[in-house]
Amino acid sequence: VMSSSFANQTIAQIELFTKPGDYEVGKVYVLPKHLDEKVARLHLMKVGAMLSELSDEQAAYIGVSKAGPYKADTYRY
Numbered sequence: 092v093m094s095s096s097f098a099n100q101t102i103a104q105i106e107l108f109t110k111p112g113d114y115e116v117g118k119v120y121v122l123p124k125h126l127d128e129k130v131a132r133l134h135l136m137k138v139g140a141m142l143s144e145l146s147d148e149q150a151a152y153i154g155v156s157k158a159g160p161y162k163a164d165t166y167r168y
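Below is the structure:
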């Protein structure tokens with residue numbers, strides 16, 4: 092859990108540093124789902140898990156990009 096938390100914080104800092112115009116100073120933001128899912132993907136190998144890729148048909152059926160994010164930003168895991 093701590094590893095995921097630290098990775099989320101690092102990814103968030105990289106996002107803020109590389110896209111300063113997208114974020115207002117002094118406001119609190121929720122980590123976008125595509126970045127949260129990036130951290131999850133990075134941790135899969137460490138726990139011996141694999142992520143299967145959606146087929147074009149599956150992605151179209153559920154209305155998402157094959158690359159993610161797979162849930163709306165408002166979705167709470």
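Letter by letter, the sequence shown follows residues 92 to 168 in this note's numbering. Cβ coordinates follow ideal geometry from the N, Cα and C atoms, glycine included. Owing to the predicted nature of the structure, the values given are computational and were not obtained by experimental measurement.
Looking at the unbroken alpha helix (DSSP H) that takes in residue i, where does it start and where does it end?
i, result
"LYS110", "Premise fails: LYS110 is in no alpha helix (DSSP H) and is neither H nor E."
"TYR152", "147-153"
"LYS129", "124-135"
What distance in whole Å lies between the Cβ atoms of residue j and residue i, which are believed to be in contact at a cut-off of 8 Å?
i, j, result
"GLU144", "LYS157", "6 Å"
"VAL130", "SER95", "6 Å"
"ILE102", "LEU135", "About 15 Å; that fails the 8 Å criterion."
Please identify the residue among the options whose C-alpha is closest to the C-alpha of residue i.
i, options, result
"ALA150", "THR165, GLY112 and TYR161", "TYR161"
"ARG132", "GLY159, LYS118 and ASP164", "GLY159"
"TYR166", "ALA98, LYS124, ILE153 and LEU142", "LYS124"
Is there a Cβ of chain C sitting closer than 8 Å to that of residue i, yes or no?
i, result
"ALA98", "No chain C appears in this structure, which consists of one protein chain only."
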